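**Q** My structure is below; once you've seen it, I'll send some questions.
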Amino acid sequence: MQDERATALLSNTSLARRAWEIRRKAIRMGEVQGQGYVGQALGIADVLAVSYFHALHLRPHEPEWEGRDRFLLSIGHYAIALYAALIEAGILPEAELETYGTDDSRLPMSGMAAYTPGMEITGGSLGQGLGIGVGMALGLRAKGNPAFVYNLMSDGELGEGSTWEAAMSAAHHKLGNLICIVDFNDQQADGKSTEMLCAEPLQDKWAAFGWHVQRVDGNDIPALVRAFDAARALAEPRPRVIVCDTVMCKGVPFLESREITHFVRVEPDEWQQALAVLDAGRPD
Amino acid sequence: MTIAHHRYDPHRKWQPRPAPKPGEAARTSAMIASLAAEGYETVSAPFGQALVAEARRNDRIVGLTADLSKYTDLHVFAEAFPDRFHQMGMAEQVMISAAAGMAREGFVPFATTYAVFASRRAYDFIAMAIAEEYLPVKIVCALPGLTTGYGPSHQATEDLAIFRGLPNLTIVDPCDAIDVAEAVPAIAAHPGPVYMRLLRGKVPSVIRRHCPDYRFELGKARLLRDGSDALVIASGFMTMRALDAAVALERDGISVAVLHCPTIKPLDTETILAEAGKTGRLVVTAENHTRIGGLGEAVAATLLTHGVAPTFRMIGLPDQFLDAGALPTLHDRYGISTAAVAAQIRGWL
Chain A
1 MQDERATALL SNTSLARRAW EIRRKAIRMG EVQGQGYVGQ ALGIADVLAV
51 SYFHALHLRP HEPEWEGRDR FLLSIGHYAI ALYAALIEAG ILPEAELETY
101 GTDDSRLPMS GMAAYTPGME ITGGSLGQGL GIGVGMALGL RAKGNPAFVY
151 NLMSDGELGE GSTWEAAMSA AHHKLGNLIC IVDFNDQQAD GKSTEMLCAE
201 PLQDKWAAFG WHVQRVDGND IPALVRAFDA ARALAEPRPR VIVCDTVMCK
251 GVPFLESREI THFVRVEPDE WQQALAVLDA GRPD
Chain B
1 MTIAHHRYDP HRKWQPRPAP KPGEAARTSA MIASLAAEGY ETVSAPFGQA
51 LVAEARRNDR IVGLTADLSK YTDLHVFAEA FPDRFHQMGM AEQVMISAAA
101 GMAREGFVPF ATTYAVFASR RAYDFIAMAI AEEYLPVKIV CALPGLTTGY
151 GPSHQATEDL AIFRGLPNLT IVDPCDAIDV AEAVPAIAAH PGPVYMRLLR
201 GKVPSVIRRH CPDYRFELGK ARLLRDGSDA LVIASGFMTM RALDAAVALE
251 RDGISVAVLH CPTIKPLDTE TILAEAGKTG RLVVTAENHT RIGGLGEAVA
301 ATLLTHGVAP TFRMIGLPDQ FLDAGALPTL HDRYGISTAA VAAQIRGWL
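Pasting the structure below:
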């Protein structure tokens, strides 16, 4: 049984290379539309690489395999990043990248379950993913299914009251099969998250709600691997959260240094420049 | 233009209310008001009983509540199936989200709370996590419309208006214990999401006394009695009011037909058009809901769209936050008691 659940995605390709591929595909999708949440995609690429190519049990050609780990994208506007990961994982064909955000595409700009293989939920109305994750974790437990539920949420979603209803609920129901990943890039629509509605001290909050808490540099792949391994291996029947401090636009310094905004502005000629910067630093 | 009760009025705030007259029975504005005292036999917890029966046949059914199992009759299910019951606490948003998650994992969740909390507090979660995804979550809510004297915090006078605009959602407004009990297997079998208004506790058994072969059918309206002067199209317990008013008016030589329309959405437009299209009758809608956005407007739009233009009137709650008080008082005050329904119809003829 354990063998069958082994991830099909382990390979000799390094996680750094996977993250690089995710960044590259996100930039290419951004170029298709001339816009997109590429700042977030570049920032979360390392987390997605570790999720899809180290932690998650998946069958790329069977996206609804009952034994899969569920990965919920609560932040629907990060779809550009998840599509890149799903393409890299072989769940979506690479050719569809060119359809990003176009009419009748399976890759709409905000992620929706009915559109895209591998997109577990419709996110975007922020603060909903974790609660849905609670229900899926309850359901998996009732079925005796050992799969994990991962919920990827943003720091902005920490302001939604429903996030904390779900956090309290997950601990109350002892959902050891639920792992929440918080992308803490300290950026939301109107400015820095910590200046909009500050959620700090964040580890203390999650711990007080009954969660196992880790906080790591979300652009440090070895640290992420250790955190995901620890979250999966924990024996206690408690939900687990990994707060990932990430840098918007990571990997493309001229965008990183730009005045950071929720929706980073990229000029038409800069998409190719961004790809060139990435290509110059291609990992093995 | 006078708009009553819409704005804060400092003079109204402490306005004395008349004390009961000597000998007048003390009336209650209690939360747990019941429709039991309507002269009909009652059934205890028809929803809970029916859900247990259905859950014995269907092991995918689970129950969730937001701290209101005892007040939505879900405690009957919880006692029968403790492992399939999930107490989510006083947290409606996570209850709805979790119900969506369980539906994604193959379950058929019945989630219960009060209608005000589902419609007002959890709407976005119902819209995005359940309706947009066409998940088979059954949201079953007590205290619809004016069924509590507790005041606007608990009176869901606009729940149908809120939910009618939501694509994919089927909406059921049952009249009595038979409707509630027979709706349970019907909505469990329906592949999509459902919002059902719940009558709980001791629920009168009404329709079969007037129409012995009545059965609830999801999506179908049913003519319960025919009549030549007026046609009342009603849902929820207003069908009971319409039937009782029809009996009373019959004594005055007024002949009233009653069309029961327990599925608000999708509306059984075929039956409604067939009945309303019979010429020479006043057509009246009757609903336990504000006259804005509920059954009445749905019927009106149907008739007008199809060029059917009878004399048309609507019985329902006014566009106000309603008073606290005893239900019989309030039903009289807002025109949805049997006497008030009969008087309105008589006045329009």
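Which chain is which? The protein sequence lines are A and B, in order.
Under full-length UniProt numbering, the residues of the first sequence are numbered 1 to 284, in order.
Under full-length UniProt numbering, the residues of the second sequence are numbered 1 to 349, in order.
Glycine is no exception: its CB is placed at the ideal position from the N, C-alpha and C atoms.
Model, not experiment: these values are computed from the prediction.
1. May I ask which residues mark the beginning and end of the alpha helix (DSSP H) holding Ala84(A)?
2. Could you have a look at Asp73(B) and say whether DSSP puts it in helix, strand or coil?
3. Whose Cβ in chain A lies nearer than 7 Å to the Cβ of Glu105(B)?
4. Could you spell out where the alpha helix (DSSP H) holding Lys143(A) opens and where it closes?
5. Report the neighbours of Ala78(B) on chain E: residues whose CB is nearer than 8 Å to its CB, in chain order.
6. Would you say Glu120(A) touches the ligand HEM, meaning its beta carbon is less than 8 Å from a heavy atom?
7. Measuring alpha carbon to alpha carbon, tell me which of Ala131(B), Val308(B), His210(B), Asp229(B) ends up nearest Met240(B).
8. Is it true that the CB of Ala80(B) sits closer than 9 Å to the CB of Val52(B)?
9. Taking Cβ to Cβ, would you say Asn288(B) is nearer than 9 Å to Leu146(B)?
10. Would you call the region 114-124 of chain B and the region 153-160 of chain B in contact, with 3 or more CB pairs under 8 Å?
11. What three-state label does DSSP hand Lys21(B) in the structure shown?
12. Cβ of Val283(B) within 9 Å of Cβ of Ala274(B)?
13. Distance, Cα to Cα, Ala189(A) vs Glu195(A)?
14. By Cβ distance below 7 Å, which residues in the same chain neighbour His262(A) in space, the five residues on each side in sequence not counted?
15. Is there a Cβ of chain A sitting closer than 9 Å to that of Phe117(B), yes or no?
16. Report yes if the CB atom of Ala171(A) is closer than 9 Å to the CB atom of Arg238(A), and no otherwise.
17. Check each residue of the region 101-134 of chain A: if its Cβ is closer than 9 Å to any Cβ of chain B, include it; give the result in chain order.
18. Go to Gln214(A), then tell me how far its beta strand (DSSP E) extends in each direction, as first and last residue.
19. Should Asp183(A) go down as buried or exposed, given a rule of 16 or more other Cβ atoms within 10 Å for buried?
20. Taking just the CA atoms, how far does Thr102(A) sit from Ala6(A)?
21. How many Å lie between Ala8(A) and Ala188(B) at the Cα?
22. What's the gap between the Cα of Ala118(B) and the Cα of Ala131(B)?
23. To which residues does DSSP link Thr261(A) through a beta bridge?
24. Are the C-beta of Ser97(B) and some C-beta of chain A separated by less than 9 Å?
25. Check whether the Cβ atoms of Arg226(A) and Ile179(A) sit closer than 9 Å, and answer yes or no.
26. Assess, as a yes-or-no matter, whether the region 247-254 of chain B is touched by the region 297-311 of chain B under the definition of 3 or more beta carbon pairs within less than 8 Å.
27. Can the beta-carbon of Arg70(A) be found less than 9 Å from the beta-carbon of Gly133(A)?
28. Any Cβ of chain A within less than 9 Å of the Cβ of Ala55(B)?
29. So, using beta-carbon positions, are Val76(B) and Ala181(B) closer together than 9 Å?
30. Would you mind stating whether Ala45(B) and Asp73(B) have Cβ atoms separated by less than 9 Å?
31. Determine the direct distance from the alpha carbon of Gly67(A) to that of Glu4(A), and round the result to whole angstroms.
32. Please name the residues in the region 177-201 of chain B whose beta-carbon is closer than 7 Å to at least one beta-carbon of chain A, in chain order.
**A** The relevant details are as follows:
1. 79-88
2. coil
3. Met136, Gly139, Leu140, Lys143
4. 129-143
5. Absent here is chain E; the protein component of the structure consists of chains A and B.
6. What this structure holds is no ligand at all, so the ligand HEM is not there to describe.
7. Checked all of Ala131(B), Val308(B), His210(B), Asp229(B); the closest Cα to Met240(B) is His210(B).
8. It is a contact, given that the beta carbons lie within the stated cut-off.
9. yes
10. yes
11. When DSSP states are grouped into helix, strand and coil, Lys21(B) belongs to the coil group.
12. no
13. In this model, Ala189(A) and Glu195(A) are separated by some 11 Å (Cα to Cα).
14. Gln187, Gln188, Ala189
15. no
16. yes
17. Met112, Ala113, Ala114, Glu120, Ile121, Thr122, Gly123, Gly124, Ser125, Gly127, Gln128, Gly129, Leu130, Gly131, Ile132, Gly133, Val134
18. That run of the beta strand (DSSP E) goes 212-217.
19. buried
20. Note on Ala6(A): pLDDT 47, under 50, position unreliable in the model; the coordinate value appears next. Distance between the alpha carbons of Ala6(A) and Thr102(A) is about 36 Å.
21. In this prediction, Ala8(A) scores a pLDDT of 47, lower than 50, which makes its location untrustworthy; no coordinate-derived value is stated.
22. Rounded to the nearest angstrom, the gap between the Cα atoms of Ala118(B) and Ala131(B) is 13 Å.
23. DSSP, once it has assigned bridges, lists no residue as partnering Thr261(A).
24. yes
25. no
26. no
27. Their beta carbons are under 9 Å apart, which means Arg70(A) touches Gly133(A) by this criterion.
28. no
29. no
30. yes
31. Note on Glu4(A): pLDDT 43, under 50, position unreliable in the model; no value is reported.
32. Taking 7 Å as the cut-off between beta carbons, none of the residues of the region 177-201 of chain B comes near chain A.
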